[in-house]
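Taken in order, the sequence shown gives residues 0 to 133; the numbers are from numbering that gives the first Met the number 0.
Here's the structure, in structure tokens; my notes come after.
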Amino acid sequence: MRDNKLDQLVVQLENYLECWKQFNYFLSLGRSKKFSAEDENQFLELKSVIVQELELIAARIELTSPSREDVLNLIGVVPSIRYLSECNEGVLRGVENHWHRIYVGWQSIVGQLKVKQKELEGQSRFASFFSRKK
0 MRDNKLDQLV VQLENYLECW KQFNYFLSLG RSKKFSAEDE NQFLELKSVI VQELELIAAR
60 IELTSPSRED VLNLIGVVPS IRYLSECNEG VLRGVENHWH RIYVGWQSIV GQLKVKQKEL
120 EGQSRFASFF SRKK
């Protein structure tokens, strides 16, 4: 048995994870101090997408880890790539650590949803096996 809403949610979260990978890319640009005005614009656009998608996801599932506050705090702490480029090593490590905790949390949620998909898939096979026996 397929659950289209569950399948759509998994795809949405996998796409959301790609946004988080891009966020980390911009953190790297800030650390390297090699970025352009276009990079800054893309970073701001990415932050907008992350926040908007967060709200869409939060409307569909209960978020515990990462929480909405975890995500919004990280987004708020990093106003621009230029800001990152001016931060000391300790601040950069803190931001990267915060990003990593959030990223791992999203990966965990996706994993849990994929387990549900497999369970539904297994139920479907089980049900179809018995329906053929009749």
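Glycine is no exception: its CB is placed at the ideal position from the N, C-alpha and C atoms.
All of these numbers come straight from a predicted model, not from anything done at the bench.
Cα-Cα separation, residue i to residue j
{"i": "Gln116", "j": "Arg59", "result": "16 Å"}
{"i": "Phe125", "j": "Gln7", "result": "Note that Phe125 has pLDDT 49, beneath the 50 cutoff, so the model's placement of it is unreliable and no number is given."}
{"i": "Glu95", "j": "Lys46", "result": "15 Å"}
{"i": "Ser35", "j": "Val48", "result": "20 Å"}
{"i": "Lys4", "j": "Val10", "result": "10 Å"}
{"i": "Asn23", "j": "Glu88", "result": "16 Å"}
{"i": "Ala57", "j": "Glu68", "result": "11 Å"}
Cβ neighbour criterion (16 or more within 10 Å) applied to residue i
{"i": "Gly75", "result": "exposed"}
{"i": "Leu12", "result": "buried"}
{"i": "Val77", "result": "buried"}
Selection from the options that minimises the alpha carbon distance to residue i
{"i": "Arg92", "options": "Gly104, Glu44, Ser27", "result": "Ser27"}
{"i": "Leu43", "options": "Thr63, Ile108, Val103, Gln21", "result": "Gln21"}
{"i": "Ser66", "options": "Glu85, Phe25, Ile108", "result": "Ile108"}
{"i": "Gln103", "options": "Val50, Asn3, Ser64, Gln122", "result": "Checking the sequence shown, residue 103 turns out to be Val, not Gln. Of Val50, Asn3, Ser64, Gln122, the residue nearest in Cα terms is Ser64."}
{"i": "Asn14", "options": "Glu37, Leu55, Phe25", "result": "Leu55"}
Under 9 Å between C-beta atoms of residue i and residue j
{"i": "Ile80", "j": "Glu39", "result": "yes"}
{"i": "Arg30", "j": "Leu83", "result": "yes"}
{"i": "Arg1", "j": "Leu112", "result": "no"}
{"i": "Leu16", "j": "Trp98", "result": "no"}
{"i": "Glu52", "j": "Cys86", "result": "no"}
{"i": "Val90", "j": "Val70", "result": "no"}
Closer than 8 Å: residue i CB and nearest the ligand SAM heavy atom
{"i": "Leu16", "result": "Judged by which ligands are present, the structure shown has none, so any question about the ligand SAM falls away."}
Residue-level contact to chain D via CB, residue i, 9 Å cutoff
{"i": "Ser27", "result": "Absence of chain D from the displayed structure is noted, only one protein chain being present."}
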